[in-house]
Every structure is written in C-alpha cells, then in structure tokens.
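Enquirer: One structure, as structure tokens, below. Some questions next.
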Amino acid sequence: MERVSQRGRSYIPMMATAVVIIAAIDQVTKTIMLNWLEPGEAVPVLGDWFRFYLLFNPGAAFSMGEGSTWLFTCIQIAFILGVALYSPKVTDRWVGVGLAMIAGGAAGNLIDRLFREPQFFLGHVVDFISVGDFAVFNVADSAITVGVVVFVISMFTEEIREHRREKEEVAR
Numbered sequence: 000m001e002r003v004s005q006r007g008r009s010y011i012p013m014m015a016t017a018v019v020i021i022a023a024i025d026q027v028t029k030t031i032m033l034n035w036l037e038p039g040e041a042v043p044v045l046g047d048w049f050r051f052y053l054l055f056n057p058g059a060a061f062s063m064g065e066g067s068t069w070l071f072t073c074i075q076i077a078f079i080l081g082v083a084l085y086s087p088k089v090t091d092r093w094v095g096v097g098l099a100m101i102a103g104g105a106a107g108n109l110i111d112r113l114f115r116e117p118q119f120f121l122g123h124v125v126d127f128i129s130v131g132d133f134a135v136f137n138v139a140d141s142a143i144t145v146g147v148v149v150f151v152i153s154m155f156t157e158e159i160r161e162h163r164r165e166k167e168e169v170a171r
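Take the sequence shown: its position 7, counted from the start at 1, is 6 in numbering that gives the first Met the number 0, and no numbers get skipped.
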C-alpha cells in the first residue's frame with residue numbers, strides 16, 4: 000500500500016534542526032579532541048586500525064587543495080545558503096535528511112575555517128578520526144559523506160516513486 004504523499008509538508012524545521020545538531024556535535028568533539036590530544040600523536044582505540052590522530056587540515060578531503068582554503072570556505076558558504084534557499088522546495092523527507100547532513104557537516108567545517116588559526120576565513124579544519132590507512136577526518140566529514148549517500152539514494156527512490164505514480168494515473 001502506498002503511503003500518503005508528503006507534498007505540501009515543510010521539512011524546514013527538521014532540516015534546520017539537523018544542521019544545527021550536526022555542526023554542534025562536530026564542534027564539541029573537536030573541542031574535546033583539542034583538549035585531549037597532541038598534534039601528530041596517535042592514540043590507538045582498536046590497535047592501529049582505529050585511532051585518534053589530531054591534525055589541522057587547510058585543504059579539502061585527503062588534504063587536497065591546501066593552498067585553496069579560501070575557495071573551500073566560499074564553497075561551504077554557498078552550499079549552506081543554497082540548501083537554506085532550496086529547503087522550502089524539498090518534498091521528500093530523505094532528500095531533506097541528506098541535504099541537511101551535508102549542510103550540517105559543511106557548517107561544522109566552516110566554523111573551523113572562519114574562526115581557527117591561522118586567520119579568519121583561512122582557518123584549518125580540525126581532523127582527528129583515523130581508520131586504517133584512510134585519510135584523517137572528523138564528524139562533519141562523516142556527516143557530509145553519509146549525507147551524500149542518503150541524498151543520492153533518495154533521489155533515485157523519489158524518481159522511482161514518481162514514475163510509479165505516473166503509471167498509476169495513466170492506468171486509471
């Protein structure tokens with residue numbers, strides 16, 4: 000049995016709340032790690048496979064674009080504003096969840112870029128989660144990654160649902 004369409008329902012409060020919560024959790028965990036860890040010293044949690052390792056990243060994922068901190072700051076601001084402007088048009092809960100997770104992660108890292116050393120707008124992002132030989136990342140990065148997966152899956156499933164609705168309308 001098909002669920003009632005969610006058209007007309009506003010996901011703005013849910014999305015705004017998720018963005019704030021994700022950014023807050025990201026900043027709280029970074030503060031804890033900054034007070035606990037020394038830069039460059041690994042603290043094993045599950046042997047060498049999972050550890051905490053504090054570093055300051057001026058670039059994007061995998062420390063790419065280290066000389067383009069200003070560009071990543073601008074992209075994060077633009078994305079957060081874009082999600083805020085698009086949120087009234089969101090008609091699917093999972094699209095909203097995905098976008099909110101990405102925007103929340105972007106907001107968490109944006110706070111670092113705006114207010115951390117070396118200077119305003121060019122601050123370095125605090126990373127501290129190290130898994131295997133993978134890049135060192137943080138809660139915001141995790142939210143962005145999971146948010147992209149949720150968003151992409153929800154876009155495909157929304158398209159499938161829309162196609163089914165069209166078929167049902169034609170069959171009537």
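Beta carbons are placed, not taken as given, at the ideal position from N, Cα and C, and that holds for glycine.
May I have the straight-line CA-CA distance separating R160 from P38, to the nearest angstrom?
Expert: The residue labelled residue 160 in the question sits at position 161 within the sequence shown. The residue labelled residue 38 in the question sits at position 39 within the sequence shown. Looking at the two C-alpha atoms, the distance is approximately 49 Å.
Enquirer: Is it the case that the Cβ atoms of A41 and R50 are separated by a distance below 9 Å?
Expert: The sequence position of residue 41 within the sequence shown is 42, counting from 1. The sequence position of residue 50 within the sequence shown is 51, counting from 1. In contact: A41 and R50 (Cβ atoms closer than 9 Å).
Enquirer: Would you call D47 buried or exposed, if buried means 16 or more other Cβ atoms sit within 10 Å of its Cβ?
Expert: Within the sequence shown, residue 47 is the residue found at index 48, counting from 1. It is exposed - the Cβ of D47 has fewer than 16 other Cβ atoms within 10 Å.
Enquirer: Quick one: grab the DSSP three-state call for P57.
Expert: Numbered from 1 along the sequence shown, position 58 holds the residue referred to as residue 57. Coil at P57, not helix or strand.
Enquirer: Going by alpha carbons, who is nearest to T16 out of E65, F55, G58 and A83?
Expert: Along the sequence shown, one-based indexing puts residue 16 at 17. Among E65, F55, G58 and A83, the Cα nearest to that of T16 belongs to A83.
Enquirer: Of the choices R92, I101, N137 and G122, whose alpha-carbon is the least far from that of E157?
Expert: Looking up residue 157 in the sequence shown gives position 158. Considering only alpha carbons, the answer is R92.
Enquirer: According to the Cβ coordinates, are L54 and D126 closer than 9 Å?
Expert: Mapped onto the sequence shown, residue 54 falls at position 55. Mapped onto the sequence shown, residue 126 falls at position 127. A contact, by the Cβ cut-off of 9 Å.
Enquirer: Give the DSSP-derived three-state secondary structure of A134 in the structure shown.
Expert: One-based indexing of the sequence shown puts residue 134 at position 135. The answer is coil: DSSP assigns A134 none of H, G, I, E or B.
Enquirer: Return the CA-CA distance between M0 and T90, expressed in angstroms with no decimal places.
Expert: Here residue 0 corresponds to residue number 1 of the sequence shown, with the count starting at 1. Here residue 90 corresponds to residue number 91 of the sequence shown, with the count starting at 1. For M0, the pLDDT reaches just 35, beneath the cut-off of 50, and the residue's location in the model is therefore unreliable, leaving the point undetermined.
Enquirer: The alpha helix (DSSP H) that contains V96, what's its start and end?
Expert: Mapped onto the sequence shown, residue 96 falls at position 97. V96 -> alpha helix (DSSP H) spans R92 to F114.
Enquirer: With DSSP collapsed to three states, give me the class of R50.
Expert: Reading the sequence shown from its first residue, position 51 is the one you call residue 50. R50: strand per DSSP, three-state reduction.
Enquirer: Which of helix, strand or coil does DSSP assign to F129?
Expert: Mapped onto the sequence shown, residue 129 falls at position 130. One point to set straight first is that residue 129 is Ser, not Phe, in the sequence displayed. Of the three classes helix, strand and coil, the one that applies to S129 here is strand, per DSSP.
Enquirer: Per DSSP, L255 forms a beta bridge with which residues?
Expert: As displayed, the chain neither begins before 0 nor continues past 171, which places residue 255 out of reach and without an answer.
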